Amino acid sequence: MNVYAINFNTKTFKIEADVHEIEYNNLDEQYEKLVELLNAEGLDVIDYNDDIAILVDDRGFEKKNNPVFEVKTEDNISCQLAGKLLFVRNIYNEESTDFGSITPQDVFHLKNNLLIALTGVLENTL
Numbered sequence: 172m173n174v175y176a177i178n179f180n181t182k183t184f185k186i187e188a189d190v191h192e193i194e195y196n197n198l199d200e201q202y203e204k205l206v207e208l209l210n211a212e213g214l215d216v217i218d219y220n221d222d223i224a225i226l227v228d229d230r231g232f233e234k235k236n237n238p239v240f241e242v243k244t245e246d247n248i249s250c251q252l253a254g255k256l257l258f259v260r261n262i263y264n265e266e267s268t269d270f271g272s273i274t275p276q277d278v279f280h281l282k283n284n285l286l287i288a289l290t291g292v293l294e295n296t297l
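Per this note's numbering, residue 172 is the first one in the sequence shown, and the count goes up by one each step.
Structure representation (structure tokens):
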């Protein structure tokens, strides 16, 4: 599964964007790998649009030196998110919505249309 990650490098003071490939055998292992990639214990899910979700550390505002991003969804909702951001596809099932691989077309769309701003780096945590 491919995920598109956006983060702020505090050493180079640059926003970095990369595609990461994760391999897993079941949904529990997928969740563990996503949480590990976020350097988190849990995650929050924000719908960027119907097809793409943003995954973020559920305790991102509690971690010193985490970047704070303002992201505007395609529904014009502004979100303040702290920490690394992972973009995945929503896979709709009868009983749930799972995470799937981001496509090259999705990455191209995000690079050209994503409204994102670095608003700061956490010095004091909640």
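Backbone N, C-alpha and C fix where the C-beta goes; we use that ideal spot for every residue, glycine too.
As the structure is a prediction and not an experimental result, all values here were calculated from the model.
- The C-beta distance from L205 to D228 rounds to 10 Å, too long to fall under 8 Å, and the pair is not in contact.
- L257 places its beta carbon less than 8 Å from that of L209.
- In this structure, the alpha-carbon of K185 lies about 13 Å from that of T290.
- In the structure shown, E192 adopts extended strand secondary structure according to DSSP, grouped into three states.
- Linking N236 to I287 through their CA atoms gives a straight-line distance of about 18 Å.
- Counting of Cβ neighbours within 10 angstroms places D277 among the buried residues, the total reaching 16 or more.
- Take the alpha-carbon of I273 and the one of E194: they are about 14 Å apart.
- For F179, the closest of N283, K255 and E265 by C-alpha to C-alpha distance is K255.
- Leaving aside the five residues that flank D221 on each side, the residues in its chain whose CB is nearer than 8 Å to its CB run, in chain order, N261.
- The beta carbons of E245 and R230 sit no closer together than 8 Å.
- For Y175, same chain residues with a beta-carbon under 6 Å away, outside a window of 5 residues either side, are V190, F258, I273 and V278 in chain order.
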